[in-house]
Amino acid sequence: MRWALVKVCLAVTTMVVVAFAVPLGLVVKEMARDRAFSNAEREAAVVVPALSITTDRDQLERVVASAGSDDGMAVHLPAGDGRTAVDLGRQRAADADIAAVRKLGRASTAEVPGGSALLQPVALSLGTVVIEVYVPESEVTNGVGTAWAVLAAVGVALVVGSVAVADRLGVRMVQPARRLVEGAHELGEGKLGSRVPEEGPNELRLAAAAFNAMADQVVQLLANERELAADLSHRLRTPLTVLRLNAASLGDSPAAEQTRTAVAQLEREVDTIIRTAREAKPQTTALGPGAGCDAAEVVRERMAFWSALAEDEGRKVRTAGVDRPVRIPVARADLAAALDALLGNVFRHTPEGTAFAVDVHNGEDAVIVLVSDAGPGIPDPEAAMARGRGSGSEGSTGLGLDIVRRLAESTGGDVRIGSSVLGGTEVRIWIQLDGREPVRRGHRGTVRRRRRVLAR
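If you want it as structure tokens, here you go:
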């Protein structure tokens, strides 16, 4: 819009300048010509009084010399036989032009080499005398070039000035629009505090006001949602308390200990949900430098928890790549929730005795977490990744995979479902370390390498 306005203003100003400058330049040229011939007429008028007094050659020569134009003036006296004679000065005009002026009795101009000649007739008792005054071409065009240069400079200045004014007007309209776009992008990225100044033309001010009202409404809706989540989570404390009391009376068996551990973890998760929901504003920015967690440590911790249940069901468990720290830009609780969701799916959707493995690969720009099992696999991975839909099994909502997907996408990565080397399902979590888009070729190559490691 800014450049369109500049182009329109440039075209209009150029047409206006041309419409006025060209006729004005022609007028200046005509005025210079009239000035040159007016001077020639004044020079001729100096000789007329002397011709009315005397026709003596010596006296006329002195008059012409006093006029200062002895080289550019000629006086033609009539001869007795009617022929034109050059008595004084240098003749430049043709004899026919001089004879025509003497016959018609009025002034005229004639083209001569190097310029023009003014032929001025004077009626005397002895006949008609013709005074010829030479007007050089340089005198006719004197000052015309300078005037045209001034007109051109003024025209260029007008065009440049109009373009500058149009550009400023365009900026005044474009900048509010750009701020509105930036505000929309920030709000889409989760920066709920983003607002747009209500500046610029009236239409853009109205758009900015509508955007700010929409952002306020979004913040209010999210606040209501957080309050609702906190209230619902708080209601879970009563049944959790009952479960904790019942678990305390189960004795000291391994199953009872696992039940008490699960109830304690569930209480901690509910408390975390309540604290997060009660915060004044949600976290809408990325984790800062040094934040995140050690993926290897989280994997070891969660595998230790699930290994007890796997031992009861006769499942073989294997981990790889967790012997060294692996830093990722993900909160510890989020990674633990994602792993619990995937491992819970393994126990829920595969028969007892099915082996599973968790593999962590630390690359230069990304970390890959592979959760594999030896179960029947997922016939429709795309349907499984769709929110609200699971693997197609009874009682599956698909929210577990959605938690994993949101975790990966928060870093610029993604989640893929495929076939594992164990013969069942493989869920690959690609966690980007620098926030860039994942390199697809690296996905395949890295996955193939990790599959070979698992196969060993």
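Under our numbering, the letters of the sequence shown match residues 67 to 522, in that order. From the three backbone atoms N, C-alpha and C, an ideal C-beta is built for every residue, glycine too.
Excluding its 5 nearest sequence neighbours in each direction, R384 has C-beta neighbours in its own chain below 6 Å: A423, listed in chain order. In terms of Cβ geometry, A213 and A98 form a close pair [threshold 9 Å].
Under the three-state reduction of DSSP, S204 is assigned to helix. The DSSP-derived three-state label of S174 is strand.
In this structure, the beta-carbon distance from I394 to L499 falls below 9 Å. In this chain, S260 is not harboured by any alpha helix (DSSP H), its DSSP state being neither H nor E.
The shortest CA-to-CA distance from V210 to any of R101, V229, S182 and R472 is the one to R101.
Ranking V195, P320 and A230 by CA distance to the CA of V74 puts A230 first. Here the alpha carbons of P417 and S438 stand approximately 14 Å from one another. Remark: C-beta atoms of A173 and V201 do not approach each other more closely than 9 Å.
Here DSSP, grouped into helix, strand and coil, assigns V435 to strand. One thing to note: P187 has its Cβ no nearer than 9 Å to the Cβ of V199. The region 240-252 makes no contact with the region 213-227; the number of CB pairs closer than 8 Å stays below 3. Here the C-alpha atom of A432 lies approximately 45 Å from the C-alpha atom of L316.
Boundaries of the alpha helix (DSSP H) around L401: R398 to H415. Annotation for D233: V72 place their beta carbon closer than 6 Å to its own, counting only its chain and skipping 5 residues before and after. Cα atoms of E255 and S476: separation of roughly 10 Å, rounded to the nearest angstrom. For V426, there is no enclosing alpha helix (DSSP H); the enclosing beta strand (DSSP E) covers residues F422 to N428. Excluding sequence positions up to five before and after V285, its CB lies within less than 7 Å of the CB of L258, all in the same chain and listed in chain order. Where L235 is concerned, the enclosing alpha helix (DSSP H) starts and stops at V210 to G254.
Residue state for T120 is assigned as coil, using DSSP reduced to three classes.
Annotated as distal: V83 and G236, with beta-carbon spacing of 9 Å or more. Shown here for A140: same chain residues with a beta carbon closer than 7 Å to its own, the five before and five after excluded, namely V152, L154, G155, R156, Q157 and E198 in chain order.
For the set S228, R368, A111 and T207, the Cα lying nearest the Cα of A189 is the one of A111. Put simply, of E291, V388 and V470 the residue whose alpha carbon is nearest the alpha carbon of A407 is V470. For V364 against R398, the beta-carbon gap comes to about 6 Å, under 8 Å, which counts as contact. From the listed residues D360, A440 and T79, the smallest Cα separation to G227 is found for T79. CA-CA distance, K382 to A376, rounds to 7 Å. When C-alpha distances from M81 are compared across V225, D163 and A70, the shortest belongs to V225. Cβ-Cβ distances below 7 Å link V388 to A362, V365, R366 and V426 in the same chain, with the five nearest sequence neighbours on each side left out; the list follows chain order. One thing to note: E203 has its Cβ no nearer than 9 Å to the Cβ of N105. Looking at the backbone, the Cα of R292 and that of V336 are separated by about 13 Å. Residue state for E198 is assigned as strand, using DSSP reduced to three classes. DSSP places P187 in the uninterrupted beta strand (DSSP E) bounded by G181 to L190.
Residue burial is scored here from C-beta neighbours: A70 has fewer than 16 other C-beta atoms within 10 angstroms and is therefore classed as exposed. Apart from sequence neighbours up to five positions away, the residues of its chain that approach V493 with a beta-carbon distance below 6 Å are L408, V437 and I483, ordered along the chain.
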